[in-house]
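Accompanying notes for the structure given below.
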Amino acid sequence: MIPNFITEFAGKKECDSSAQVVLSVGRMEEGDQKGFLRLIDIWEKVREDESLSAWKLCIIGDGEIKAEIESKIAQKGLGSSITLKPFTTKIYEEYAKASIYAMSSYYEALPMVLLEAGSMGLALIAFDVNTGPSDVIESTKNLIEDNDVQAYATRLQELMCSKSLRQECGARVQQCVEKKFSKGAVLQQWEELFDSLQ
Numbered sequence: 002m003i004p005n006f007i008t009e010f011a012g013k014k015e016c017d018s019s020a021q022v023v024l025s026v027g028r029m030e031e032g033d034q035k036g037f038l039r040l041i042d043i044w045e046k047v048r049e050d051e052s053l054s055a056w057k058l059c060i061i062g063d064g065e066i067k068a069e070i071e072s073k074i075a076q077k078g079l080g081s082s083i084t085l086k087p088f089t090t091k092i093y094e095e096y097a098k099a100s101i102y103a104m105s106s107y108y109e110a111l112p113m114v115l116l117e118a119g120s121m122g123l124a125l126i127a128f129d130v131n132t133g134p135s136d137v138i139e140s141t142k143n144l145i146e147d148n149d150v151q152a153y154a155t156r157l158q159e160l161m162c163s164k165s166l167r168q169e170c171g172a173r174v175q176q177c178v179e180k181k182f183s184k185g186a187v188l189q190q191w192e193e194l195f196d197s198l199q
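Positions in the sequence shown are counted from 1; adding 1 to them yields our numbering.
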């Protein structure tokens with residue numbers, strides 16, 4: 002299968018690897034496909050490490066279960082460390098303010114948000130669901146067994162504690178995105194396909 006390409010490859014733009022912000026973006030649909038409710042559970046565990054108290058989780062999205070997400074955040078007393086924002090067309094500005102992108106989806110195809118965040122050099126972490134994240138995240142340590150909330154929280158803490166680790170993971174994924182998902186790379190796959198049909 003030939004993937005979509007990044008329409009605005011942001012290779013010259015960089016995230017702020019010192020930013021104490023974890024970002025997650027997606028639709029807040031019935032059924033919670035994007036796993037935001039379990040991301041809140043993960044964040045609660047992350048916050049057990051008091052040395053990480055300055056960090057914020059920013060979730061960008063809208064949808065039917067936004068009120069449920071807001072309620073869970075309030076219920077767990079996490080309102081001071083989790084920010085909800087509506088969708089924006091200036092998503093690259095949001096990537097630039099974060100150093101980690103956290104995906105908590107239950108299933109995905111090829112998530113463009115991972116490609117976009119990866120192109121900015123954010124460290125990526127996700128559950129290892131059947132398809133999607135493993136195409137972009139090559140570090141197996143950042144691919145967490147599906148629904149292992151504790152392992153996800155532990156790895157997220159490790160990324161939050163180490164700027165050099167975030168930079169290393171971000172550089173690796175940025176290279177992967179440019180190699181496999183830039184416009185030039187994808188157009189080459191199409192050319193090879195057309196050549197094979199002649």
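Every residue, glycine too, gets a C-beta built ideally from N, C-alpha and C.
With fewer than three CB-CB distances shorter than 8 Å, the region 49 to 69 does not count as touching the region 119 to 138.
Residue pairing of Cys59 in beta bridges, as defined by DSSP: Leu24 and Thr84. Counted as a single uninterrupted DSSP element, the stretch harbouring Tyr108 is not any alpha helix (DSSP H), since DSSP gives it neither H nor E.
With contacts defined as CB atoms closer than 9 Å, Ala154 and Trp44 qualify as a contacting pair. Glu49 has its alpha-carbon roughly 30 Å from the corresponding atom of Glu117. A buried status is given to Asp33, since no fewer than 16 other beta-carbon atoms sit within 10 Å of its beta-carbon. DSSP, reduced to helix, strand and coil, places Leu125 within a strand of the structure shown.
For Thr90, there is no enclosing alpha helix (DSSP H), as DSSP gives it neither H nor E.
The beta carbon of Gly122 lies closer than 6 Å to those of Glu15, Cys16, Gly171 and Gln175 in the same chain, with the five residues before and after it left out.
In this structure, the alpha-carbon of Ser81 lies about 29 Å from that of Glu169.
Tyr102 sits close to Val23, with the two beta carbons spaced by under 9 Å. Taken through DSSP and simplified to helix, strand or coil, Leu79 comes out as coil. According to DSSP, Tyr102 shares a beta bridge with Leu24 and Leu125. Ile145 sits in a strand when the DSSP states are folded into three classes.
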